[in-house]
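Engineer:
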Amino acid sequence: MFSRILVACRGEIALRIIRACRELGIETVAIFSEADRGAHYLELADHAICVGPASPSESYLNVARILSAAEVADVEAIHPGYGFLAENAHFAEVCESCNIKFIGPSSRTLQLTGNKVEARRLAGESRVLVVPGSDGAVAGEEEAVEAAHRVGYPVMLKAAAGGGGRGMRVAHNDISLRTAYHAARSEAEATFGDGSIYVEKQIPRARHVEIQILADEHGNIIHLGERDCTIQRRHQKLVEEAPSPVVNERLRYEFGRAALRVARAANYTNAGTVEFLLDPEGHFYFIEVNARIQVEHPVTEMVTGVDIVKEQMRIAAGEPLTLTQRQVIVQGAAIECRINAEDYSNGFKPSSGCITEFTVPGGPGVRLDTHAYPGYTVSPYYDSLIAKLVVYKPTRQEAIQCMRRALEEFRIEGVKTTIPLYAQVFQNRRFVDGHFDTSFIDSLYLG
Amino acid sequence: MEPEGLEEFIRTLIAIMQESELSELEVEREGVRVRLQKQPPPRVTEVVAVNPAGAMSPGRSDAAAPPPPTVPETRTRGNLVEITSPMVGVLYEAPAPDAEPFVKTGDEVEPETVVCIIEAMKVMNEIKAETSGRIADILVSNGEAVEFGQVLFLVEPAQE
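Protein chains in written order, with the working numbering: chain A, 1331 to 1777; chain B, 57 to 216.
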């Protein structure tokens, strides 16, 4: 097992990794930007190194500065968390050449999964249904239109180099498709450095179901069941739950097999997630692979009892998986709310400032992953996630009741948060009955 | 030499001067001699004396001293200017293990003066003072790991 690792991320996920390391007896070296100086979670690391000013390109996204810190601190491995450089194949490659273990898949796998067109091809070759769409990136406007006619409107235009719900547009007819195509191209070029676009049918009334996978470096690969992340706004997840209220044992088995086929085809190692869309008829279609630990990993941890971050360390250290597929048991129900510092009643505008009150919920079945505290300043430089409120109970109904009271207990002042939004979601009949699709949040808020 | 050629010739010489530690350069080419001399920013070393009658008597100061070069985001500790690290790495006080340190306490520095080397990813980066004055204190030691923003030197600023 490693004796010292560098935590190359920030906020709640950095804290999550530091916690796992403390339990495993691994020394941690945290990095931070000037904007995060003084954050309390840094004190829990054994060492903390300032790598640059607030701007992500000069700090958390800066390969040279981060590697330099890794060298100076003499670490054996780097955990990239999620976001920033977590799925950056170049970063993984640089780590490999510096003989520092990147806690995640290989740079080669990251290259494959990072290109969404390649990933779709991989899934197709693995006999996994992909969302109907273009055969690879479209060469131009006409090919996009042709693909749209083949699969039928409405369609989504997605960036091959994108992911995480970014760089996507919807088109309902030829005219809007032509306009959207050019806009999507330039946006993708500017954001991801690659303007390649592919077309996918927009599946109506779909649910977003994803499978957590774990693969060691000895050829063992298992899945830990599914998460339902259908409650989204603009393709950003807000509420996630495990298990999915609409997935039974049979479907979980099918999902799992499909996810593992794709993972094997990508030579996947370490933790990852295979994302699918589930249509009302029970057919599921591959969307993409997220080659990192995900924000919503806690709900899977609660229902399986597996510490995914610890497994990541073990896998990277060359140990075999601690459990077999047969030993994976999904029990109970877990739900997570992403508490964001946003003004949900004002277009979800990010809210920054000093948190003056931070009274946290507790009691049986409540887990809170947060780096925030009274006096913590939410800065405008990074994403707005300040806490993940997770509940775990024997049944979904009890989990919903628990979340309702936990949301009432949770008091945050100084910044606007999405807590009131979730209070409404958890009172909503459709949500409580489990009958919702990806249009749920929009239908609540666009009238 | 043609006028355009002359201009380019001079620009090239200026570039050479700026990239080197030369304080003077004189070159003759095609009948044209060009002499460049680096001027340190003028410093006033004497206060203008006021005689008892109230009239000002000229001191030995440079009457037209230009303002000191602006240093972006200068950090100060009291009236001392902080030289901070722009990167993460290992600091070396001298150009080579057995060489004299770049600066010692009491040394004069100018913006272009190299005060130390920080090694990051096997690259030796020369760190410049970016301020004028005298080294008041050295807060780091040879071979020490430094982080971004760490204060390395304290400089007593040059007086106008």
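The beta carbon of each residue, even a glycine, is placed where N, CA and C say it ideally should be.
Using the C-alpha atoms, what's the distance from A/A1491 back to A/A1513?
Structural biologist: Taking the CA atoms as reference points, A/A1513 sits about 15 Å from A/A1491.
Engineer: If the criterion is Cβ atoms closer than 9 Å, does the pair A/G1411 and A/R1340 meet it?
Structural biologist: yes
Engineer: So what's A/T1599 in DSSP terms, helix, strand or just coil?
Structural biologist: coil
Engineer: Give me the residue from A/G1693, A/V1460, A/A1489 with the minimum Cα distance to A/V1468.
Structural biologist: A/A1489
Engineer: With a threshold of 7 Å on Cβ separation, who are the neighbours of B/A111 within its own chain once the five nearest residues in sequence on each side are excluded?
Structural biologist: The predicted model places B/A111 with a pLDDT of 39, which falls under 50 and marks its position as unreliable; any figure quoted below should be read in that light. Counting only Cβ-Cβ distances below 7 Å, and skipping sequence neighbours, we find nothing.
Engineer: Please report the residue range of the beta strand (DSSP E) in which A/I1430 lies.
Structural biologist: Note, A/I1430: premise wrong, no beta strand (DSSP E); not H, not E.
Engineer: With a cut-off of 9 Å, does the C-beta of A/E1373 fall near any C-beta of chain B?
Structural biologist: For A/E1373, the nearest beta carbon of chain B is not closer than 9 Å to its own beta carbon.
Engineer: So which residues of chain B does A/E1364 contact, with C-beta pairs closer than 8 Å?
Structural biologist: F204, G205
Engineer: In whole angstroms, give me the CA-to-CA distance for A/I1343 and A/R1535.
Structural biologist: 32 Å
Engineer: If you pair each beta-carbon of the region 1554 to 1568 of chain A with each one of the region 1433 to 1447 of chain A, do three or more pairs fall below 8 Å?
Structural biologist: no
Engineer: So, under 8 Å CB-CB, A/R1759 and A/K1718 are touching, yes? Tell me the CB distance rounded to an integer number of Å.
Structural biologist: So it is not a contact: roughly 25 Å between Cβ atoms.
Engineer: Taking C-beta to C-beta, are A/I1665 and A/R1726 nearer than 9 Å?
Structural biologist: yes
Engineer: List, in order along the chain, the chain A residues whose C-beta lies closer than 9 Å to that of B/M180?
Structural biologist: Residues of chain A passing the Cβ test: none, with the nearest at roughly 13 Å.
Engineer: Which class does A/Y1371 belong to by DSSP, given the choice of helix, strand or coil?
Structural biologist: helix
Engineer: Per DSSP, what are the beta-bridge partners of A/V1539 in this structure?
Structural biologist: A/D1558, A/F1606
Engineer: Which residues, in chain order, does the region 135 to 155 of chain B contribute to contact with chain A at a C-beta distance below 8 Å?
Structural biologist: M143, V144, G145, V146
Engineer: Any Cβ of chain B within less than 9 Å of the Cβ of A/E1401?
Structural biologist: Closer than 9 Å to some Cβ of chain B, the Cβ of A/E1401 qualifies, so yes.
Engineer: How would you list, in chain order, the residues of chain B whose beta-carbon sits under 7 Å from the beta-carbon of A/I1379?
Structural biologist: Ordered by position in chain B, the residues that pass the 7 Å Cβ test against A/I1379 are V144, E203.
Engineer: In this structure, how does DSSP classify A/Y1722 when only helix, strand and coil are distinguished?
Structural biologist: strand
Engineer: Between the alpha carbons of A/S1387 and B/E138, how many angstroms are there, rounded?
Structural biologist: 25 Å
Engineer: Which residues share a DSSP beta bridge with A/C1732?
Structural biologist: Answer is none; A/C1732 lacks a bridge partner.
Engineer: Give the DSSP bridge partners of A/S1682, in chain order.
Structural biologist: A/S1682 pairs with nothing; no bridge assigned.
Engineer: Just how far apart, CA to CA, sit B/N181 and B/A150?
Structural biologist: CA-CA distance, B/N181 to B/A150, rounds to 12 Å.
Engineer: Determine which residues share a DSSP beta bridge with A/F1614 and list them.
Structural biologist: A/L1608
Engineer: Would you identify the three-state DSSP class for A/A1778, choosing helix, strand or coil?
Structural biologist: Here chain A has residues from 1331 to 1777 only, and residue 1778 of chain A is not among them.
Engineer: Check the Cβ-Cβ distances between B/A71 and every residue of chain A, and say whether any is below 9 Å.
Structural biologist: no
Engineer: Measuring alpha carbon to alpha carbon, tell me which residue in A/V1481, A/R1480, A/E1517 is nearest A/G1497.
Structural biologist: When each option's Cα is compared against that of A/G1497, the closest is A/E1517.
Engineer: In three-state terms, what does DSSP make of A/C1380?
Structural biologist: strand
Engineer: For the structure I just gave you, are there three or more beta carbon pairs, one from the region 1635 to 1651 of chain A and one from the region 1358 to 1365 of chain A, closer than 8 Å?
Structural biologist: no
Engineer: DSSP has B/I174 in a bridge; who is on the other side?
Structural biologist: In the DSSP assignment, B/I174 forms a beta bridge with B/L147, B/N181.
Engineer: In three-state terms, what does DSSP make of A/H1479?
Structural biologist: helix
Engineer: What does the alpha-carbon distance come out to for the pair A/G1683 and A/Y1706?
Structural biologist: 8 Å
Engineer: Is the Cβ-Cβ distance between B/A201 and A/A1378 less than 9 Å?
Structural biologist: no
Engineer: Going by other Cβ atoms of all chains shown within 10 Å of its Cβ, with 16 needed for buried, is B/L210 buried or exposed?
Structural biologist: So B/L210 counts as buried.
Engineer: Secondary structure at B/Q93, three-state DSSP: helix, strand or coil?
Structural biologist: In the structure shown, the three-state DSSP call for B/Q93 is strand.
Engineer: Can you look up A/E1641 in the DSSP assignment and give me helix, strand or coil?
Structural biologist: helix
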